[in-house]
Amino acid sequence: MVAQDGGVVVVTIDRQDALNALDLPTLTALRDRLHELAGDADARVVVLTGAGEKAFAAGADIKYMSGLGVDEAKEWGALGHEAGRLLETMPKPTIAAINGFALGGGCELALACDLRYAARTAKLGQPEINLGIIPGWGGTQRLPRATTLGYAKELIFTGRVVEAEEAERHGLVNAVFEPGELIDKTMETARLLATKSPVALAAAKTACNRALQGAHGGNLAAEAEGFGELFASEDAKEGMTAFVEKREPAFKGR
């Protein structure tokens with residue numbers, strides 16, 4: 000389910016009868032929608048959340064997974080990775096509004112977003128170890144980057160599910176709000192980001208995504224290159240002119 004509020008697009012995982020667990024049709028539809036939004040210039044910010052009050056996404060559909068062979072499991076993992084890759088790399092901010100359970104694949108989709116806000120009642124974790132498997136949609140890589148390697152190993156090795164406050168203390172989520180305030184607070188940030196230059200946001204996202212990978216010197220050089228190239232954009236000219244003229248800038252994404 001998709002709703003648009005100005006430049007903010009809210010994508011809702013809607014399978015409430017199964018705590019928004021991700022089966023093949025649901026995950027395929029989510030991947031396809033994210034692919035469309037990645038190239039949609041009118042969508043300046045993407046918010047991902049779950050329908051209802053109980054779950055963001057309670058994970059992958061275990062009944063479906065229990066019948067998979069090795070090759071099918073690899074295809075299933077690749078589909079989840081593609082959804083995560085789109086959230087992580089699309090040239091616009093992505094925000095997870097975690098309104099309830101975010102377990103397994105649900106936690107992994109949240110981790111792929113740029114920002115994560117959680118309801119106080121939310122619970123997060125990677126319990127795949129309890130099924131005799133490991134996270135398969137990026138959890139082993141993104142969880143250590145969001146928190147620390149030691150904390151990530153603890154959660155992945157034990158399968159422990161944590162409360163929102165603990166997740167916030169460890170950097171797994173950016174902030175925690177009361178359940179009734181979560182969407183409003185998330186949209187407040189999303190609308191703020193939608194007023195920024197899309198060109199600059201895309202460059203900032205690309206640069207930040209390099210921070211924990213590759214050579215530090217090379218990453219600094221890439222930042223310097225991106226910084227300089229932005230001075231050819233209409234948005235940079237508008238932003239600096241507006242500052243000098245003491246008015247709010249009107250960014251066009253060019």
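Residues 0 to 253, numbered by numbering that gives the first Met the number 0, are exactly what the sequence shown covers, in order. Heads up, the beta-carbon is just placed ideally off N, CA and C, and yes, glycines get one too. Nothing here was measured: the structure is a model prediction, and the numbers come from that model.
Could you name the residues of the same chain whose beta carbon sits closer than 6 Å to that of ARG14, not counting the 5 residues immediately before and after it, in chain order?
So the qualifying residues of the chain are THR25.
Mind listing, in chain order, the continuous beta strand (DSSP E) runs of no fewer than 3 residues lying wholly within the region 143–227?
Listed in chain order, the complete beta strand (DSSP E) runs (minimum 3 residues) inside the region 143–227 are 160–162, 174–176.
Hey, how far is the Cα of VAL45 from the Cα of CYS112?
Approximately 9 Å, taken between the alpha carbons.
Residues in its own chain within less than 8 Å of ALA40 by CB, not counting five upstream and five downstream?
Only PRO197, GLY252 meet the Cβ criterion.
So, under 8 Å CB-CB, GLY137 and LEU110 are touching, yes? Tell me the CB distance rounded to an integer number of Å.
Contact flag correct, Cβ pair sits at about 7 Å.
How is ARG115 classed by DSSP in three states: helix, strand or coil?
DSSP places ARG115 in strand when its eight states are reduced to three.
So what's ILE94 in DSSP terms, helix, strand or just coil?
Three-state result, ILE94: strand.
If you check the beta carbons only, do LEU171 and ALA96 fall under 8 Å apart?
For LEU171 and ALA96, no; Cβs fall outside 8 Å.
Determine contact between the region 123–133 and the region 94–108, defined as no fewer than three beta-carbon pairs at a distance below 8 Å.
The region 123–133 is in contact with the region 94–108.
DSSP beta-bridge partners for GLU122?
Note on identity: in this sequence residue 122 is Lys, with Glu being the wrong assignment. According to DSSP, LYS122 bridges with PHE100, GLU162.
Between the region 18–32 and the region 46–57, are three or more C-beta pairs nearer than 8 Å?
The region 18–32, when compared against the region 46–57, does touch it at the 8 Å Cβ threshold.
Taking the alpha-carbon positions, what's the PHE55 to VAL160 distance?
Each residue's Cα considered, the two are about 14 Å apart.
Sort out for me which residues DSSP pairs ALA56 with in a bridge.
ALA101, per the DSSP bridge assignment.
Beta-carbon within less than 8 Å of ALA193's beta-carbon, same chain only, minus the 5 sequence neighbours each way: which residues are those?
Correct list, in chain order: GLY5, GLY6, VAL7, ARG43, VAL44.
May I ask you to list the residues that DSSP assigns as paired with LEU21?
Answer by DSSP bridge pairing, in chain order: ALA59.
In this structure, what does DSSP give as the bridge partners for ILE132?
Beta-bridge pairing links ILE132 to no other residue.
Quick check on this structure: which residue in ILE132, LEU191, GLU162, LEU108 has the alpha carbon closest to the alpha carbon of THR11?
Checking every option, the nearest Cα to that of THR11 belongs to LEU108.
Could you please give me the residues that DSSP links to THR27 through a beta bridge?
None; THR27 has no bridge partner.
Comparing C-alpha positions only, which one of ALA166, CYS106, ALA118 sits nearest to THR139?
For THR139, the nearest C-alpha among the options comes from CYS106.
Just the Cα atoms here: how many angstroms apart are TYR116 and GLY83?
Rounded to the nearest angstrom, the two C-alpha atoms are 17 Å apart.
Who are the Cβ neighbours of LEU67 in its own chain at under 8 Å, not counting the five residues just before and after it?
Cβ neighbours of LEU67 beyond the five flanking positions: TRP75.
Going by DSSP, name the residue or residues bridged to GLY49.
DSSP, once it has assigned bridges, lists ILE12 as partnering GLY49.
At the level of alpha carbons, what is the spacing between LEU148 and GLY158?
Computed Cα separation, rounded: 15 Å.
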